[in-house]
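Numbering (this note's numbering), first residue to last: 302 to 461.
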Amino acid sequence: MTIVVTVKVTDGMVIASDSATTFMDHNGIPVKVYNNANKVFNLVKGLPIGSMTFGSGAVGTASIATLSKDLRIHFSNTESPYYFDHASFTIEEVAQKARQFFLDRMAESYPNGVENYYMGYRICGYGTQDAIAQGWEFAVRGDGSTEPSRFYEHEQYGPR
302 MTIVVTVKVT DGMVIASDSA TTFMDHNGIP VKVYNNANKV FNLVKGLPIG
352 SMTFGSGAVG TASIATLSKD LRIHFSNTES PYYFDHASFT IEEVAQKARQ
402 FFLDRMAESY PNGVENYYMG YRICGYGTQD AIAQGWEFAV RGDGSTEPSR
452 FYEHEQYGPR
């Protein structure tokens, strides 16, 4: 089980997570636990966008940490379908592109879907027009995903 915490304050958002990751077999039975997993990431160097993951620790053979670093490269590559304009973006846009990236990795790794899979992903930070930090979250399941949704309304503060 993963613990992720966000705390929104007037100056930004604090994000934190434990460091244990459990890998499960196709029946949902734990087969390996790593106690030093990276679950908190800066998605674009130099931009105020952080993310964290919970649930499954991998898609296929790639860890979510490795895939998040790959996503960081795509976000800055103008030839990538996941690219966004670093001078004009919203956190919702970043969350939509991240969701699509993970859905595409799932389709490559599990063309027929996979049972007992769940991975949550939170993206927090400031879009170019934001005065207050935003938090968006989506989930990827073995048979699809949820749409990104805000987990803080504009004037809400405190832990989530």
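We put the beta carbon where it would ideally sit given N, CA and C, even for glycine.
Going by alpha carbons, who is nearest to Ala359 out of Thr323, Ala434 and Ile433? Looking up residue 359 in the sequence shown gives position 58. Residue Thr323 is the option with its Cα nearest to Ala359.
Is it buried or exposed, Glu454, if we count other Cβ atoms within 10 angstroms and call 16 or more buried? Mapped onto the sequence shown, residue 454 falls at position 153. Under this definition Glu454 is an exposed residue.
Ala321 and Ala338: beta carbons closer than 8 Å? Within the sequence shown, residue 321 is the residue found at index 20, counting from 1. Within the sequence shown, residue 338 is the residue found at index 37, counting from 1. Yes, they are a contact pair.
Quick check on the burial criterion: 16 or more other C-beta atoms within 10 angstroms. Buried or exposed for Gly445? To locate residue 445, count along the sequence shown from 1; it is residue 144. Classification for Gly445: exposed.
Note down the Cα distance separating Asn328 from Glu409, rounded to an integer number of angstroms. For the purposes of this step, residue 328 is identified with residue 27 of the sequence shown, where counting begins at 1. For the purposes of this step, residue 409 is identified with residue 108 of the sequence shown, where counting begins at 1. In a straight line, the C-alpha of Asn328 is about 20 Å away from that of Glu409.
Alpha-carbon spacing of Phe403 relative to Gln397, whole angstroms: For the purposes of this step, residue 403 is identified with residue 102 of the sequence shown, where counting begins at 1. For the purposes of this step, residue 397 is identified with residue 96 of the sequence shown, where counting begins at 1. Rounded to whole angstroms, Phe403 to Gln397 spans 10 Å at the Cα level.
I need the straight-line Cα distance from Phe342 to Asp386, nearest angstrom please. Against the sequence shown, residue 342 aligns to sequence position 41. Against the sequence shown, residue 386 aligns to sequence position 85. Each residue's alpha carbon lies about 20 Å from the other.
Cα-Cα separation, Tyr411 to Arg442: Taking the first residue of the sequence shown as 1, we reach residue 411 at position 110. Taking the first residue of the sequence shown as 1, we reach residue 442 at position 141. Approximately 11 Å, taken between the alpha carbons.
Quick one: using the 10 Å Cβ neighbour count with 16 as the cut-off for buried, is Gly436 buried or exposed? Taking the sequence shown and counting its residues from 1, the one referred to as residue 436 is at position 135. Gly436 comes out buried.
Within a Cβ cutoff of 8 Å, which residues of the same chain sit near Arg373, ignoring the five residues on either side of it in sequence? For the purposes of this step, residue 373 is identified with residue 72 of the sequence shown, where counting begins at 1. The residues are Phe342, Asn343, Leu344, Val345 and Lys346.
Cα-Cα separation between Asn378 and Asp371, rounded to whole angstroms: To locate residue 378, count along the sequence shown from 1; it is residue 77. To locate residue 371, count along the sequence shown from 1; it is residue 70. Whole-angstrom Cα-Cα distance: 11 Å.
State buried or exposed for Tyr384, treating a residue as buried only when at least 16 other CB atoms are found within 10 Å of its CB. Translated into the one-based positions of the sequence shown, residue 384 becomes position 83. Exposed, because fewer than 16 other Cβ atoms sit within 10 Å of the Cβ of Tyr384.
Helix, strand or coil for Arg461 per DSSP? Reading the sequence shown from its first residue, position 160 is the one you call residue 461. Correct three-state label for Arg461: coil.
Excluding the five sequence neighbours on either side, which residues of its own chain have a C-beta within less than 8 Å of the C-beta of Phe390, listed in chain order? As a first step, residue 390 must be located in the sequence shown, where it is residue number 89. Answer for Phe390: Gly428 and Thr429, listed in chain order.
Whole angstroms is fine: what's the gap from Arg461's alpha carbon to Asn413's? The residue given as residue 461 occupies position 160 in the sequence shown. The residue given as residue 413 occupies position 112 in the sequence shown. So the two alpha carbons sit approximately 34 Å from each other.
Please say whether Val315 and Tyr458 have beta carbons closer to each other than 8 Å? As a working note, residue 458 is residue 157 in the sequence shown. As a working note, residue 315 is residue 14 in the sequence shown. No, the Cβ-Cβ distance between Tyr458 and Val315 is not below 8 Å.
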